[in-house]
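Please read the structure below before turning to the comments.
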DNA sequence: CAGATCAATGCAACCGGTTACATGAGATGC
DNA sequence: GCATCTCATGTAACCGGTTGCATTGATCTG
């Protein structure tokens with residue numbers, strides 16, 4: 001590694017700061033930890049005005065003469081003053097920060113949500129404080145509690161938590177929007193994906209496409225998304241294919257679970273001609289494993305997923321799936337939270353349900369060819385709303 | 001889509017929650033905006049002690065009698081008191097939060113970094129305040145400034161920014177670790193990926209594998225990662241394949257850029273037998289476009305990428321690439337920051353360089369078959385360090 | 001039993017800003 | 001010229017905790 005030598009713009013400034021301190025004795029090698037940042041008092045003294053005037057000048061409030069303002073701003077520049085947001089938010093009772101608490105931070109799903117949130121938050125000059133409940137309910141409580149005094153509002157996504165349990169942990173004084181969680185019992189505004197109808201539509205489409213026996217690979221048992229998708233599947237089967245009892249294999253949203261399900265299918269000799277996985281990752285794992293066993297997708301068996309992760313477009317054949325616009329989930333929630341912060345009243349009635357879109361790709365293209373299926377599925381979609 | 005009516009478990013539960021509130025009289029529709037959170041003063045009054053004692057009891061400091069402590073804790077529970085972190089951090093001069101400023105929030109790369117950071121931060125009870133510079137240098141300054149008083153330290157990733165420019169915006173009093181940025185000139189600790197040697201190794205491996213003419217698809221011009229990778233490529237070519245002048249096609253890390261490069265390759269009739277893209281996404285785009293033109297990978301041309309995004313394993317043939325353990329980047333940086341916060345002194349000399357690993361997959365498997373190549377490349381890898 | 005020791009507790013001054021209200025000088029009106 | 005109004009500025013009380021120091025009452029010591 002090359003070491004360039006050139007002056008570090010530290011010391012002169014450090015010297016300035018040090019001189020202003022009563023004890024200018026021993027110059028430390030490093031400034032960190034000293035925390036000798038200029039305060040508003042310093043600025044006021046430097047400019048020869050009171051703190052009140054300095055504060056007004058800096059915040060561009062009225063009632064400050066031109067020369068006074070200039071003097072203050074000059075002092076600000078000279079001392080390199082940056083207002084202390086922590087102190088400011090204490091009096092203003094406003095932190096310009098919103099807390100985001102997610103179950104974990106794995107994968108594209110969460111980065112997309114965060115991106116959607118940030119997009120809107122950034123426009124309104126809001127910051128994002130990230131909390132991570134790392135799965136456990138206990139940690140969720142801690143995460144929510146630690147947000148007090150740090151944030152103006154909360155975006156919370158507690159997929160595995162029961163409403164009653166959640167209610168006890170929430171601060172009723174803190175504007176909160178729930179992510180991907182129908183919170184009717186709590187009367188909190190929320191944004192959710194219509195997993196039920198999405199799964200229903202996908203099942204219907206598979207049956208429509210000629211499948212006789214659709215097998216569902218389920219998600220984690222206590223995960224609401226997974227449960228809703230499973231319900232959608234079961235109901236669609238019950239309604240359209242009464243005579244056939246729905247087969248459900250266990251899963252946990254992981255690629256391995258998809259592979260495992262495929263192995264069960266192969267070994268168990270289940271008479272399936274279509275697999276509907278509760279998410280794309282499992283569908284991908286399933287396809288891969290089926291392929292290794294010499295079973296062709298879609299000729300021998302059709303496969304569909306849910307989410308439309310970027311990977312889905314790229315595998316071959318490409319995966320048919322329900323597209324969920326994940327960033328929209330985040331941005332919509334953030335917009336609702338902003339309205340809440342503006343004083344609007346939103347309850348569970350203002351819940352926002354995002355309908356996923358069916359994207360037909362290669363894994364459900366039967367012998368008749370991809371084009372025909374796409375058309376058929378698109379038509380199916382059209383007739384819905 | 002069929003819209004089924006099915007009962008939503010709403011009203012009974014909502015009623016339950018309302019009943020649990022003390023004032024059953026005129027139940028307010030919403031509590032938000034009232035902001036009537038209990039303060040330490042309230043707790044002290046309720047428990048019949050002074051605020052000082054209440055504070056000590058709550059924080060578990062010594063010098064508090066059993067009965068007193070119990071009274072305070074009872075009051076805490078009764079009033080549902082949660083300490084106001086903002087106020088606390090003002091006096092403690094400690095926020096238990098670290099700021100993370102990233103260029104943008106697109107894609108797996110950033111979610112992995114954040115996950116790595118969170119992993120370590122969470123262990124130490126630290127929170128993450130997310131800042132996003134949205135590309136512009138001006139915003140970077142604003143983002144850094146707005147962190148003052150909110151965070152104890154900073155993790156900063158300014159890929160397109162010149163050190164001199166950066167220096168002016170940094171607060172010398174705030175412990176800072178730079179991400180993916182060799183900050184020697186600033187004498188700040190950093191964690192970076194060894195893009196140069198990674199690219200060098202990959203180029204070498206391709207030539208070694210029998211490529212006569214390797215073409216490089218570059219990343220964004222002012223991006224340091226991209227520039228380092230390009231340098232690695234150029235140097236490797238100069239050293240190993242002196243007689244052949246290196247060909248470099250422009251790119252911007254996007255899938256489209258990879259496709260465009262492929263088109264140039266096809267139209268331009270460049271005599272390339274290997275393509276080394278500056279990142280995986282471009283490699284994927286390139287392969288896809290080559291395939292459409294009837295050019296077979298790897299038989300007609302080998303392709304390699306950089307990053308090892310999840311997608312790389314799943315396309316077919318799977319992509320040979322340099323694996324960067326992105327989450328390690330985040331967790332290592334966070335660990336360094338923690339040491340800084342503990343008072344240790346770290347300069348640029350403590351920079352941490354992560355070496356990427358060559359992962360040989362299908363796109364560089366020649367007619368001789370994948371196994372042989374993997375072995376050859378692995379051997380190559382071995383002899384390197 | 002007086003005086004020293006010590007633990008538990010209270011008082012009040014912070015942290016670094018904001019802002020209601022007081023002050024006082026200059027402009028205006030009569 | 002005096003009362004009044006205006007508006008820039010200063011004073012000080014917050015926000016909600018933490019913490020150094022003083023106070024108090026009880027226990028210990030000789």
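Chains as they are written, first to last, in this note's numbering: chain A, 1 to 385; chain B, 1 to 385. All C-beta atoms in this analysis are idealised placements derived from N, C-alpha and C, irrespective of residue type, glycine included. Treat the numbers as computed from the prediction; the structure is a model and nothing was measured.
7 Å Cβ cut-off: residues of chain A touching residue i
i                      : result
residue 98 of chain B  : Correct list: empty, because the minimum Cβ distance to chain A is about 11 Å.
residue 296 of chain B : Per Cβ cutoff of 7 Å: no residues; residue 296 of chain B is ~14 Å from chain A at best.
residue 110 of chain B : 111
residue 145 of chain B : 82
residue 358 of chain B : Chain A residues near residue 358 of chain B: none, gap ~21 Å exceeds 7 Å.
residue 311 of chain B : 310, 311 and 314
Cross-chain neighbours of residue i in chain B, by beta carbon under 8 Å
i                      : result
residue 169 of chain A : Chain B residues near residue 169 of chain A: none, gap ~11 Å exceeds 8 Å.
residue 89 of chain A  : 86
residue 95 of chain A  : 86
Interface residues of chain A facing residue i [CB-CB closer than 9 Å]
i                      : result
residue 387 of chain B : In the structure as shown, chain B starts at 1 and stops at 385, and residue 387 of chain B therefore has no counterpart that could be examined.
residue 148 of chain B : 37, 82, 83, 84, 85 and 86
Counterpart residues of residue i in DSSP-defined beta bridges
i                      : result
residue 57 of chain A  : None, per the DSSP bridge assignment.
residue 216 of chain B : B:248 and B:276
residue 127 of chain A : A:97
residue 114 of chain A : Residue 114 of chain A pairs with nothing; no bridge assigned.
residue 282 of chain B : In the DSSP output, where bridge partners are listed per residue, residue 282 of chain B has none listed.
residue 80 of chain B  : Paired residue(s): none; residue 80 of chain B is not in a bridge.
residue 288 of chain B : Looking at the DSSP assignment, residue 288 of chain B forms no beta bridge with any residue, so it has no partner.
residue 305 of chain A : A:321
residue 72 of chain B  : Note: residue 72 of chain B sits in no beta bridge, so no partner.
residue 153 of chain A : A:98
residue 132 of chain A : A:102
residue 359 of chain B : B:321
residue 192 of chain B : B:353
residue 176 of chain B : B:154
Presumed contact (8 Å Cβ cut-off) between residue i and residue j, rounded CB distance
i                      : j                      : result
residue 310 of chain A : residue 362 of chain A : At roughly 16 Å, the Cβ-Cβ gap does not stay under 8 Å, so residue 310 of chain A and residue 362 of chain A are not in contact.
residue 129 of chain A : residue 150 of chain A : 6 Å
residue 197 of chain B : residue 251 of chain B : Actually they are not in contact, since the Cβ atoms of residue 197 of chain B and residue 251 of chain B sit about 21 Å apart, beyond 8 Å.
residue 132 of chain A : residue 102 of chain A : 6 Å
residue 89 of chain B  : residue 86 of chain A  : 6 Å
residue 307 of chain B : residue 279 of chain B : 5 Å
residue 122 of chain A : residue 134 of chain B : 7 Å
residue 147 of chain B : residue 358 of chain B : Not confirmed; about 38 Å, so no contact.
residue 348 of chain B : residue 167 of chain B : Contact flag wrong, Cβ pair sits at about 12 Å.
residue 329 of chain A : residue 234 of chain A : About 25 Å separates the two Cβ atoms, so there is no contact after all.
residue 195 of chain B : residue 225 of chain B : 5 Å
7 Å Cβ cut-off: residues of chain B touching residue i
i                      : result
residue 390 of chain A : Nothing can be reported for residue 390 of chain A: it is not among the residues displayed for chain A, which extend from 1 to 385.
Residues within the stretch 173 to 201 of chain B neighbouring chain A, beta-carbon criterion of under 8 Å
173, 174, 175, 182, 184, 185, 186 and 187
Taking a cut of 8 Å between CB atoms, which residues from the stretch 117 to 143 of chain B lie near chain A?
The residues in question are 118, 122, 127, 128, 129, 130, 131, 132 and 134.
Any residues in the stretch 314 to 348 of chain B with a beta carbon nearer than 7 Å to a beta carbon of chain A? Which ones, in chain order?
Answer in chain order: 314, 315, 316, 340, 343 and 345.
According to a CB-to-CB cut-off of less than 8 Å, which residues of the stretch 62 to 73 of chain B neighbour chain A?
none
Anything in the stretch 283 to 309 of chain B with a Cβ closer than 7 Å to a Cβ of chain A? List those residues in chain order, please.
284
Under 8 Å, with one C-beta from each stretch per pair, do the stretch 113 to 121 of chain B and the stretch 77 to 90 of chain B reach the 3-pair mark?
no
Between the stretch 222 to 244 of chain B and chain A, which residues of the former have a C-beta closer than 8 Å to a C-beta of the latter?
If the cut-off is 8 Å between Cβ atoms, the stretch 222 to 244 of chain B has nothing near chain A.
Mind the definition here: the stretch 315 to 324 of chain B touches the stretch 276 to 288 of chain B only if three or more C-beta pairs lie below 8 Å; say whether that holds.
Verdict: yes, contact present.
Is there contact between the stretch 92 to 111 of chain B and the stretch 60 to 71 of chain B, where contact requires at least three CB pairs shorter than 8 Å?
No: the two stretches stay apart, fewer than three of their Cβ pairs being nearer than 8 Å.
Take every Cβ of the stretch 172 to 189 of chain A, pair it with every Cβ of the stretch 198 to 213 of chain A, and state whether three or more of those distances are shorter than 8 Å.
no
How do the stretch 258 to 265 of chain B and the stretch 286 to 295 of chain B stand: do at least 3 beta-carbon pairs fall below 8 Å, yes or no?
Under the Cβ criterion (8 Å, minimum of three pairs), the stretch 258 to 265 of chain B counts as touching the stretch 286 to 295 of chain B.
If we count Cβ pairs, one from each stretch, closer than 8 Å, do we get three or more for the stretch 52 to 61 of chain B versus the stretch 48 to 61 of chain A?
no
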